[in-house]
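Note sheet for the following structure.
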Amino acid sequence: MIAETEEQYFIISAMGQDRSGLIAMITKVIANAGYNIIDIEQSAPHGVFYIILIIEPTKNAIDNPLEYFNKRFEEIAAGTQLAMTINEFKGGLRKELKSWRRIVFVGPDKAGMIANISDFAGKHNVNIHRMNMISRGEIIACEILLDISGLDDTEYSTDNFNENLKQLGEKLGLQIIIVKEDIFEKKRKLLILDLDENLIEIQGLKQFIVELGLSKSEKAIFSELTIDDQGSENKMTFLKYLKGLELDSVMHILSNIRISPGTEEMVRALKLMNYKIALISNSLSLFTDIIKERLNLDYAFGNRIEIENNKLSERINKSLNIDVEKKERLIGWLATMEKIPDAEIHQFGLDEKDPILSHTADLKLSITFDYDKIKSLINDKACTFKQIFALFINIGILNSQIKAIRKL
598 MIAETEEQYF
608 IISAMGQDRS
618 GLIAMITKVI
628 ANAGYNIIDI
638 EQSAPHGVFY
648 IILIIEPTKN
658 AIDNPLEYFN
668 KRFEEIAAGT
678 QLAMTINEFK
688 GGLRKELKSW
698 RRIVFVGPDK
708 AGMIANISDF
718 AGKHNVNIHR
728 MNMISRGEII
738 ACEILLDISG
748 LDDTEYSTDN
758 FNENLKQLGE
768 KLGLQIIIVK
778 EDIFEKKRKL
788 LILDLDENLI
798 EIQGLKQFIV
808 ELGLSKSEKA
818 IFSELTIDDQ
828 GSENKMTFLK
838 YLKGLELDSV
848 MHILSNIRIS
858 PGTEEMVRAL
868 KLMNYKIALI
878 SNSLSLFTDI
888 IKERLNLDYA
898 FGNRIEIENN
908 KLSERINKSL
918 NIDVEKKERL
928 IGWLATMEKI
938 PDAEIHQFGL
948 DEKDPILSHT
958 ADLKLSITFD
968 YDKIKSLIND
978 KACTFKQIFA
988 LFINIGILNS
998 QIKAIRKL
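Structure below.
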């Protein structure tokens, strides 16, 4: 409890497990006391409800408001387990003029990143207004909205702040992008996932191959593998082994793909940051279409293999073949259709061309398969190991995995 004050403004905060009706309970108490809400911020991430309100009295405000609020909030807390507080508000109302900057980065996660950035901001009188961040395994994605109007009260210029923040990012292994922000304009951004940039990791692949106990003649197929950053050479080389593979078998294998939780959560975080996400790859469209559906991506483009009598051929439809030229046209088409400027198009995988998603060598789309089912298909003569391996290659795997397989 706090003592009664002559201050007119009060700040209320509440936090606890989310459930329906919480906002209605709190705001009803405020209205019954004759107070008006002039500022509110509320969210419920991961099932945790929080709300912050600033209130002012109207001409119908009750006497002894703190006594009333404390009593009513105790009643709400008893029924909901919300932790609630009310205090006089000394912070002053929000400044009429604020100078906003949005900073964005996606990269390899390291301990202390957020602490370093927030410490840097605080030392220069810069306020972190909002932060969206997710960190899973090796990857961190973060968007921070900064109010830099406090720089006006220091000798530190905006240019100096921006430059030193970028230098801090480099020390942390990130390249931070700083954008002047109009908070009333929700910018649309386009993120291109380019899987040909050696971004797909098929987990458990080497162990699966070892457990098959392949003969020397069966392993001879590995000698055809090359180290290819784009993956296109290996895909073209192994297309011939796909001929005759039953489409039903392929779809059964692909429909049982398991995507790592970290990958799924990363995509959700990027969508919360207002990204439109497009997957563009020379992987088989049979695969990219499933990834699009599973990750709820906005667009997906892949190589369209020709189907004959419900079996795969060894030919890619020339008009639906994804090469470098086709990628550029697709990106241009997407940007035009979504009305997204070039400055808001970011390519995940093209480090040298992308300022936001640089330092991403450790970032990858991690997937695994139902290997027991695949073994059954091979044992039942529904397909051969060469066909399955060619399918993996035409999905795409890391060069590090190719090197390991060549040694088997």
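The sequence shown lines up with residues 598 to 1005 when you count with the numbering used here.
Positions of the beta carbon are idealized from the N, C-alpha and C atoms, including for glycine.
Which residues in the same chain as ARG912 place their Cβ atom closer than 8 Å to its Cβ, once the five residues preceding and following it in sequence are excluded?
Here the set comprises LEU836, ILE902, GLU903.
Note down, one range per segment and in chain order, each alpha helix (DSSP H) of at least 4 residues found wholly within the region 710-761.
710-720
Cβ neighbours of GLN605 in the same chain (closer than 8 Å, five flanking residues each side left out)
GLU653, PRO654
Taking 7 Å as the threshold (C-beta atoms), are GLY747 and ASN722 in contact?
For ASN722 and GLY747, yes; Cβs fall inside 7 Å.
Cutoff 7 Å; reference TYR753; Cβ partners in own chain excluding five residues on either side:
HIS721
Residues in the same chain with beta-carbon distance under 7 Å from LEU792, minus the five sequence neighbours each way, listed in chain order, please.
LEU876, SER878, SER880, LEU962, GLY993
Taking only runs of the beta strand (DSSP E) that begin and end inside the region 812-895, which ones reach a length of at least 3 residues, in chain order?
872-881
When burial is assigned at 16 or more other CB atoms within 10 Å of the CB, is THR860 buried or exposed?
buried
Own chain, CB closer than 7 Å to LYS840, minus 5 neighbours either side, in chain order:
LEU909, SER910, GLU911
Quick check on PHE966: does DSSP put it in helix, strand or coil?
coil
What residue does the alpha helix (DSSP H) around ARG926 start on, and which one ends it?
Where ARG926 is concerned, the enclosing alpha helix (DSSP H) stretches over 921-935.
From GLY770 to MET710, what does the alpha carbon distance come to, in whole angstroms?
9 Å
Please report the residue range of the beta strand (DSSP E) in which ILE683 lies.
Counting along the chain, the beta strand (DSSP E) containing ILE683 begins and ends at 680-685.
Give a yes or no on contact between the region 656-676 and the region 623-642, applying the rule of three or more CB pairs nearer than 8 Å.
yes
Identified DSSP bridge partners for ASN1009:
Look at the range of the chain in this structure, 598 to 1005, and you will see that residue 1009 is not part of it.
Pull up the DSSP beta-bridge partners for ILE608, would you.
Under DSSP, ILE608 forms a beta bridge with ILE651, ASN684.
Got a sec, what are the start and stop residues for the beta strand (DSSP E) SER910 sits in?
Run containing SER910: 908-913, per the beta strand (DSSP E) assignment.
Looking at TYR838 and GLN984, is the spacing between their C-beta atoms short of 7 Å?
Cβ distance < 7 Å, so GLN984 and TYR838 count as in contact.
Mind checking who ALA897 pairs with in its DSSP beta bridge?
LEU876
What does LEU769 pair with, by DSSP beta-bridge criteria?
Paired residues: none, contrary to the question.
Between the beta-carbon of ILE942 and the beta-carbon of ALA932, is there less than 7 Å?
yes
How should GLU798 be labelled, buried or exposed, when 16 other C-beta atoms within 10 angstroms of its C-beta is the threshold for buried?
buried
Is LEU619 helix, strand or coil by DSSP?
helix
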